[in-house]
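Chemist:
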Amino acid sequence: MQHYKKPNYIKMENINLILTSTLVAGIVSTFVSYIISIRLKKLDFKNEYYKEILKKRLTAYEYIEAQLGVLKTVVLDETDGKPYHLMFSYGDKEFFDYQKNLLMAISLSLWIDDDTTNSLEKLNELFYNLNIKTHKKSKTEIIEVGKKYYQKISDLRFHLENSTKKGLYNLHNVDKAFKTKNKNTKREIRELK
């Protein structure tokens with residue numbers, strides 16, 4: 381029985397085919413790895429970017445939370461039993477100091493949703509006017525202003541608290557929070573009468 385021996389050129393073709401396949405597979409896998417690596421880097425960058433935005437949003441909401449705490453503190457006047465916010469109890473300088481969290485939250489309002497920003501601006505407008513009314517007044521006069529505007533402040537605080545809760549519930553949804561307005565609105569501060 382005679383064994384059939386393959387010619388050398390067939391072995392060479394197989395080796396060339398194997399080498400070519402290996403080379404093509406290496407190039408394809410390198411290209412795919414490169415594409416995946418670029419996409420993963422972009423995803424990492426996006427995730428880091430969102431983390432930074434979330435930090436800024438949380439900072440803004442912390443100032444809002446502190447201001448809400450100030451606005452929740454209510455006392456009753458012993459003489460007439462009418463409520464007013466504690467921030468009216470200490471004089472005009474201290475009254476302004478109690479608003480610093482509001483001012484910080486407004487300065488960071490770029491990072492929060494429009495509804496909460498609108499609530500902050502309404503509260504700021506009211507306090508702008510109240511600061512005019514309490515400037516260089518006695519403690520008793522400032523308390524009277526506090527009694528007069530107790531319900532207005534409480535209503536604005538309630539709205540701010542609810543919009544803040546919604547904003548915190550959607551804290552992760554950065555796209556929703558940064559949805560831009562289509563219309564430029566003019567901000568006016570009206571004087572209280």
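The opening residue of the sequence shown carries number 381 in my numbering; numbering runs sequentially from there. Ideal Cβ positions, reconstructed from N, Cα and C, are used throughout, including at glycine.
1. Going by other Cβ atoms of all chains shown within 10 Å of its Cβ, with 16 needed for buried, is G526 buried or exposed?
2. On the premise that I522 lies in contact with H465, defined as a C-beta separation below 8 Å, what is that separation, rounded to the nearest angstrom?
3. Return the Cβ separation of I444 and L510 in integer angstroms, given the expectation that the two are a contact with Cβ distance under 8 Å.
4. When burial is assigned at 16 or more other CB atoms within 10 Å of the CB, is I398 buried or exposed?
5. Which residues bound the alpha helix (DSSP H) around H623?
6. Determine the DSSP secondary structure at L456, reduced to helix, strand or coil.
7. Could you have a look at S469 and say whether DSSP puts it in helix, strand or coil?
8. Quick one: grab the DSSP three-state call for I578.
9. Comparing C-alpha positions only, which one of E442, F538 and Y430 sits nearest to L451?
Modeler: In short:
1. Locating residue 526 in the sequence shown gives position 146, counting from the first residue. It is buried - the Cβ of G526 has at least 16 other Cβ atoms within 10 Å.
2. As a first step, residue 465 must be located in the sequence shown, where it is residue number 85. As a first step, residue 522 must be located in the sequence shown, where it is residue number 142. With 8 Å as the limit, H465 and I522 do not qualify as a contact, their Cβ atoms being about 11 Å apart.
3. Here residue 444 corresponds to residue number 64 of the sequence shown, with the count starting at 1. Here residue 510 corresponds to residue number 130 of the sequence shown, with the count starting at 1. Not quite, the Cβ-Cβ distance comes to about 19 Å (not below 8 Å), so this is no contact.
4. The residue you call residue 398 lines up with position 18 of the sequence shown. A residue is called buried once 16 or more other Cβ atoms fall within 10 Å of its Cβ, and I398, having fewer, is exposed.
5. Past the boundaries of the shown model lies residue 623; the chain is included only from 381 to 573, so the question cannot be answered.
6. Reading the sequence shown from its first residue, position 76 is the one you call residue 456. For L456, the three-state secondary structure derived from DSSP is strand.
7. Stepping through the sequence shown from its first residue, residue 469 is reached at position 89. Reduced to three states, the DSSP call for S469 is coil.
8. Because residue 578 is not part of the residues shown, which for the chain are 381 to 573, the question remains open.
9. Position 71 of the sequence shown, counted from the first residue, corresponds to residue 451. Checking every option, the nearest Cα to that of L451 belongs to F538.
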